[in-house]
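Undergrad: What follows is a single structure, and I will ask about it in a moment.
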Amino acid sequence: MSKVKALEFVRDWRELGDQGISAFLADKEKEMGSVSPHLEKVWQAIKELSIGGKRLRGALTYLGYLMAGGEAKHKEVVIKAGVAMEIFHLGLLIQDDFMDRDQSRRGVKTVHARHKDPHMGAVTAILAGDYCYAWTSEILSGIGSVSPSRVLQAVEVWSKYFRRVGYGQTLDMLVGERGEEKREEILQVLSIKSGEYSCVLPILLGASLAGAETKLIKKFTELGLELGWAFQIRDDILGMFGQDEVTGKPTGSDLREGKQTLLVLKARDLLTGEERVRFEEVLGNREAGEVERRWVTEIMRREVLASVEAEAREHVEKGKEIIKSLKMPKSTSLIIEGMFDLMITRNS
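So, in structure tokens, the structure goes:
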């Protein structure tokens, strides 16, 4: 029942969010065109990449607003905030795809992949991401219908987690460059880049616009982290076992890039002997053949998957215990409970 409520909530938000994003980017097409027609291709790439996606972060922004007692009559406020969250996410995806050297996203070419000159591709991806961050700031700072203090609190929340996702991405790259894989560092990166950014930030953004006080913000942060871990574990699973046409991104790219995911950590805990050696030889080896990559996929499915899924369910149970301690309408608590179930069963 709760999962159905969550699916309906996300579906309704997706419709509102898609409309808001489309209208906002149409306005930016005019703005960029007034500067120079040479910017048209950049806008077109951003527009194409904005289509599709789960829209979970915008939905969580809206949900955070309701969880904190936000009034439905001011729905346009949180719709704007949700659109801002999706535009921010788009900017991070554009730059993340460049850093991960991914060639496609949501069925279209990534920004950097549209250029023959790799340097020009890199420059365009960096700047396109920067446009999205500036637009996010524009949307949030322009929110009306609520007190300026609430808007300021929301902007401060966004600024904090914008910084932290940058710190997490930098740490992620540095750990990979050093070739040192300390478990605590990997878990820190995953927490910052997924738990905080994907779930804590949007929930707190919406809650701030509803006027949530410090004590409630703390509870929502704990809740968001549990939801974020459930989200990240499922993301790792889809990255290894999902289907490109469903997930919208190339399956196996984490393996090729040697990403330090929870699946990888579990594999190192569980694999021994020749299996462990062979696994390490394929991880991060872009020259590894299809047979080797398929072997890793199957060994992960057989030896690792069940353990990781069990860990995801533990985070779901912890999150639901936190929900019980919160005072909110039953209809809202059913949606957030359903979000936990949705996070670990989604296919994209």
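In this text, residue positions in the sequence shown follow this note's numbering: the first is 81, and each later residue adds one.
A virtual CB, placed ideally from N, CA and C, is assigned to each residue, including glycine.
Can you tell me where the alpha helix (DSSP H) holding H192 begins and where it ends?
TA: Note, H192: premise wrong, no alpha helix (DSSP H); not H, not E.
Undergrad: Who are the Cβ neighbours of M408 in its own chain at under 6 Å, not counting the five residues just before and after it?
TA: When the five nearest sequence neighbours on each side are left out, the beta carbons in the same chain lying within less than 6 Å of the beta carbon of M408 are those of M147, in order along the chain.
Undergrad: Since G138 and V163 should fall inside the 8 Å C-beta cutoff, what is the C-beta to C-beta distance between them, to a whole number of angstroms?
TA: 7 Å
Undergrad: Leaving out five residues on either side along the sequence, give the residues of the same chain with a beta carbon under 8 Å from the beta carbon of L129.
TA: L170, L173, I174, R185, R186, V188, T190, V191
Undergrad: Please return the same chain residues whose Cβ sits closer than 8 Å to the Cβ of A310, not counting the five positions on each side in sequence.
TA: A392, H395, V396, G399, F420, M423, I424
Undergrad: Taking just the CA atoms, how far does D177 sit from V122?
TA: 15 Å
Undergrad: Thinking L343 and M320 are a contact (beta carbons under 8 Å), I'd like their distance in whole angstroms, please.
TA: 6 Å
Undergrad: What distance in whole Å lies between the Cβ atoms of I167 and I219, which are believed to be in contact at a cut-off of 8 Å?
TA: 7 Å
Undergrad: What three-state label does DSSP hand S184 in the structure shown?
TA: strand
Undergrad: Curious, which full-length alpha helix (DSSP H) runs of at least 4 residues does the segment 111–152 contain?
TA: 120–130, 136–147
Undergrad: Classify K85: buried if its beta carbon has 16 or more other beta carbons within 10 angstroms, exposed otherwise.
TA: buried
Undergrad: Run through DSSP, which three-state label would S227 get?
TA: coil
Undergrad: Is the segment 274–286 in contact with the segment 382–389, if contact means three or more CB pairs nearer than 8 Å?
TA: no
Undergrad: Could you check what DSSP says for I174 in three-state terms: helix, strand or coil?
TA: Residue state, collapsed to three classes: helix.
Undergrad: Taking 8 Å as the cut-off, does the segment 195–210 touch the segment 267–275 (at least 3 CB pairs, one atom from each stretch)?
TA: no
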